[in-house]
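Below you'll find the structure, written out as structure tokens, and then a few comments.
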Amino acid sequence: MVMFNGPVVYDAGALLAAERGDDRLRALHRRFLLHGISPCVPTPVLAQAWRDGSRQVGLTRVLRGCAMLPTDADVAKQAGVLLGRSRTADAIDAIVVATAMKLTATVVTSDPKDLLVLSDAAAFHLGVVEV
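FYI, in this note's numbering the residues of the sequence shown are 7 to 137.
Given below as structure tokens:
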């Protein structure tokens, strides 16, 4: 398993993996917490994944160990720049990458392809872990 010593950002795919009880995500999440790492969730990512907390037990459980990060103006602007440079349109993915850039964080995702297009547009080496 990959070792981590810095910040971690969850994207919507990671949250949906938590919701469906994905064993790899749960093991990774436990490992982060054991090493004192509270994964970060940009609040727009939470909006993308959240539907009905009473039915999202796995997601709710994982979120208890996460830090919620409101998206500030600097991250929002960087996300817009990334969208322009990459000629893509997914603002939530751009916010995830801009947040990772700001924190120099690794992203946990179910689909790294779109995130890597955005980070390449910024010439930023994005560390990703696929779940």
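Ideal Cβ placement from N, Cα and C applies to all residues, glycine included.
Since the structure is predicted, the reported quantities are computational estimates derived from the model, not experimental observations.
Task: Spatial distance of cysteine 72 from serine 92 (CA atoms) - done: 29 Å
Task: Span separating the alpha-carbon of tyrosine 16 from that of valine 63 - done: 17 Å
Task: methionine 74, buried or exposed, once every other Cβ within 10 Å from all chains shown has been counted against 16 - done: exposed
Task: Range of the contiguous beta strand (DSSP E) that encloses arginine 137 - done: According to the sequence provided, residue 137 is valine. The question's arginine does not apply to it. Per DSSP, valine 137 belongs to no beta strand (DSSP E) and is neither H nor E.
Open item on the list: On the CB-based measure, 16 or more other CB atoms within 10 Å of its CB, does leucine 40 come out buried or exposed?
Closed with: exposed
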